[in-house]
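What follows is a single structure, written as structure tokens, with notes after it.
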Amino acid sequence: MVKFVTDIWDTFSTVFKGMGITARYMRKKPVTQQFPEERWALPDRFRGFVHNDVPRCTSCTLCAKACPVDCIYIEMEGKGKDRRMTRFAIDYNKCIWCSLCTEPCPTNCITMSHDYDHSVYLREKLVYEFVGDPVIPFKPKKAAREEEAEA
Amino acid sequence: MHETLSNLPLLSGLPAQVLVVLAMVSAGGIILGCIAVGGMFFIWSERKVAGYIQSRYGPMYVGGWHGVLQSLADGVKLLLKEDIWPEKADKPLWRMAPLLVFLGAFLSFVVLPFGPNFVGANLDIGLFYVMATSSLVVMGVISAGWGSNNKWALYGALRGAAQVISYEIPLGLALLPVVMSTGSLNLGTIIQAQAGWIHNWHLLNPLFFVSFWIYVISSLAEVNRVPFDLPETESELVSGYHTEYTGMKFAFFFLGEYADMFVVSAIGVTVFLGGWYSGIPALDVPALFPLIFILKSFFLVFVQIWLRWTLPRLRVDQLMYVCWKVFIPIALANLLLYGVIRTVLS
Chain A
1 MVKFVTDIWD
11 TFSTVFKGMG
21 ITARYMRKKP
31 VTQQFPEERW
41 ALPDRFRGFV
51 HNDVPRCTSC
61 TLCAKACPVD
71 CIYIEMEGKG
81 KDRRMTRFAI
91 DYNKCIWCSL
101 CTEPCPTNCI
111 TMSHDYDHSV
121 YLREKLVYEF
131 VGDPVIPFKP
141 KKAAREEEAE
151 A
Chain B
1001 MHETLSNLPL
1011 LSGLPAQVLV
1021 VLAMVSAGGI
1031 ILGCIAVGGM
1041 FFIWSERKVA
1051 GYIQSRYGPM
1061 YVGGWHGVLQ
1071 SLADGVKLLL
1081 KEDIWPEKAD
1091 KPLWRMAPLL
1101 VFLGAFLSFV
1111 VLPFGPNFVG
1121 ANLDIGLFYV
1131 MATSSLVVMG
1141 VISAGWGSNN
1151 KWALYGALRG
1161 AAQVISYEIP
1171 LGLALLPVVM
1181 STGSLNLGTI
1191 IQAQAGWIHN
1201 WHLLNPLFFV
1211 SFWIYVISSL
1221 AEVNRVPFDL
1231 PETESELVSG
1241 YHTEYTGMKF
1251 AFFFLGEYAD
1261 MFVVSAIGVT
1271 VFLGGWYSGI
1281 PALDVPALFP
1291 LIFILKSFFL
1301 VFVQIWLRWT
1311 LPRLRVDQLM
1321 YVCWKVFIPI
1331 ALANLLLYGV
1341 IRTVLS
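Order-wise, the sequence lines are chains A and B.
For the record, in the first sequence the residue sitting at position 2 is 2 according to my numbering, with numbers rising by one throughout.
For the record, in the second sequence the residue sitting at position 249 is 1249 according to my numbering, with numbers rising by one throughout.
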């Protein structure tokens, strides 16, 4: 009989205790991150999709040579002053995010970006073309001279 | 209501029988609309409360602010879904089950007193009627379980039958002292006995205090809510008696469940929590009565949702133990005690 009464007391006290706990959680701010709108702050050295800043690219092909999986395609036309870069593409189907391409780059134009959510429906679309119309490759010495002249 | 309709110029020429039918259909339509909108609101709030209790948001996108229209989108989805029939189902029973479950909840709405003049039908046996119609739900549960020709569904239905039939007894016994005190089964009369300040509410009367807790807990079992949701334990019975249902049939089970939650809460409010009275005489304006009644019922529904995300469910034997060895003896003793006190005092 005593146990009967203490059981009832325990039932009610524990239920109210549990409800207190859930009520406390209800008032707390949820920990959910609303993903596309809110994002994590990524670490500085995070290796996202490789990005090439074409206006600073000398088209030296050092990155393509460094790439262990040969996923960087660079094509050029003409010689001397008529030299044009016609294609700079990165095939992310192959890319292993090793960051080896960024190390030999003389102008630091190829970098690991902080983008990571580029999902596509067709794997052909994972070959990113960075050059549309043929561009004149970047000339570091000429650019330095122009900068000096401006200064 | 048919008097109101006969005053409309367009309908004044119609015979009285037609007007009665029209009044019934329009009242039924209004109730159906309220149940559908209310049910969708409860489903949304259940998901939001569940989310916040678990430190997440719940639905956030559909309808702009905090996903308010999520239930509407789900309803459209359920309407468009394929209606799958188990090949060896007992077709008539199988088709009837969702309607019976929904009907049980729907019929109870007829007598809910939202205000002194705001009742579908002011029956003198209102409380008894609600007890009767809410046990219609279990008929739907059993026919769903039997008709599905599925082991899980049948287990769920049998558990549901055992549970609901057992818990009707303490439920009724818990309401009896209040009925003895007011001398009426009319829900309006029971509320009018609690007029005035908050201490007139039956909950705060020490004689009815035990009754209230027995009622609240038994009503959880009556509507198959956690911690008594054994008919639909998803961890063992997939989804219990509605395992085989898809599309709109499933939606009817779902809507019926949430409508039932509102009904038991509304009866709890009527019998123990002062019904349409706010507990402060100055606030008791007739225009506010439905609002107060609905807010109190929503609060009890919220408590049911809150409990669902707090407690684990009971075992079958524990469920039966609580009913037959705890609630019924206590409810009977309570009834006897109240009778004795009443006789002595009078």
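Every residue gets a Cβ at the ideal spot worked out from N, C-alpha and C, and that includes glycine.
As the crow flies, the alpha-carbon of Ala1174 (chain B) is around 20 Å from that of Val1138 (chain B). Taking 8 Å as the cut-off, the beta carbon of Leu1300 (chain B) is found closer than this to the beta carbon of Ser1265 (chain B). Scanning B:Val1141, B:Leu1154, B:Pro1329 and B:Gln1017 for the CA closest to the CA of Phe1253 (chain B) turns up B:Val1141. The criterion of a C-beta distance shorter than 8 Å is satisfied by Cys101 (chain A) and Cys67 (chain A). Approximately 11 Å separates the beta-carbon atoms of Arg1313 (chain B) and Pro1231 (chain B); this is outside 8 Å, ruling out the contact.
Distance from the CA atom of Pro1116 (chain B) to the CA atom of Asp7 (chain A), rounded to whole angstroms, is 42 Å. Taking the beta carbon of Gly1051 (chain B) as reference, the chain A residues within 9 Å of it are Pro30 and Thr32, listed in sequence order.
Per the Cβ contact rule, the region 1233-1245 of chain B is not in contact with the region 1278-1286 of chain B (fewer than 3 Cβ pairs under 8 Å).
Residue A:Ile90 holds the alpha-carbon nearest to the alpha-carbon of Met112 (chain A) among A:Ile90, A:Ile74, A:Pro137 and A:Val131.
Distance between Thr1246 (chain B) and Ile1084 (chain B), taken at the CA atoms: about 6 Å.
Straight-line measurement puts the Cα of Ile1190 (chain B) at about 11 Å from the Cα of Ile1267 (chain B).
For the pair Ser1297 (chain B) and Phe1262 (chain B), the CB atoms are nearer than the 8 Å cut-off. In this structure, Ser1211 (chain B) and Asn1122 (chain B) do not form a Cβ contact; the two beta carbons are roughly 24 Å apart against a cut-off of 8 Å. Contact residues of the region 1304-1323 of chain B toward chain A are Trp1306, Leu1307, Trp1309, Thr1310 and Leu1311 (C-beta to C-beta distance below 8 Å).
Residue nearest to Pro43 (chain A) within the set A:Met76, A:Asp115, A:Thr14 and A:Lys17 is A:Asp115 (criterion: CA-CA distance). Taken in chain order, the whole alpha helix (DSSP H) runs of length 4 or more contained in the region 1091-1139 of chain B are 1091-1108 and 1126-1134.
Taking CB atoms only, Met1261 (chain B) has no neighbour in chain A less than 8 Å away. For Met1180 (chain B), DSSP assigns no beta-bridge partner whatsoever. Legend: CB atoms of the region 103-130 of chain A lying less than 9 Å from CB atoms of chain B are not found in any residue. DSSP lists A:Ile74 as the beta-bridge partner residues of Phe88 (chain A). With contacts defined by Cβ atoms closer than 8 Å, Phe88 (chain A) and Phe130 (chain A) form a contacting pair.
Distances from the alpha-carbon of Val54 (chain A) to those of A:Lys125, A:Ile110, A:Tyr25 and A:Cys98 put A:Ile110 closest. Rounded to whole angstroms, Val2 (chain A) and Gln33 (chain A) show a C-alpha spacing of 50 Å. Ranked by Cα distance from Met1131 (chain B), the options B:His1066, B:Trp1309, B:Arg1095 and B:Ser1108 are led by B:Ser1108. Judged by their CB atoms, Ala1144 (chain B) and Ala1153 (chain B) are nearer to each other than the 8 Å cut-off. With a beta-carbon spacing of about 7 Å, Ala1251 (chain B) and Gly1075 (chain B) fall inside the 8 Å limit used to define contacts. Taking 8 Å as the threshold, the shortest C-beta distance from Ser1055 (chain B) to chain A falls below it. Looking at the DSSP output, Asn52 (chain A) sits in a beta bridge with A:Ile110.
As for any alpha helix (DSSP H) of minimum length 4 sitting wholly inside the region 1003-1078 of chain B, the runs are 1016-1053, ordered along the chain.
Counting only Cβ-Cβ distances below 7 Å, Met1060 (chain B) has contacts in chain A at Gln34, in chain order. Tyr1215 (chain B): member of the alpha helix (DSSP H) spanning Pro1206 to Glu1222, first to last residue. Selection B:His1242, B:Glu1244 and B:Ser1218 evaluated against Tyr1321 (chain B) yields B:Ser1218 as nearest (Cα-Cα).
Between the alpha carbons of Ile1198 (chain B) and Leu1273 (chain B) lies a gap of roughly 9 Å. The beta carbon of Thr1182 (chain B) sits closer than 7 Å to the beta carbons of Thr1189, Ile1190 and Ala1193 from its chain, once the five residues preceding and following it are set aside; these are given in chain order. Inter-residue distance for Cys95 (chain A) and His1066 (chain B) is about 40 Å (C-alpha atoms, whole angstroms). According to the DSSP assignment, Val1316 (chain B) belongs to no beta strand (DSSP E) but to the alpha helix (DSSP H) extending over Val1316 to Tyr1321.
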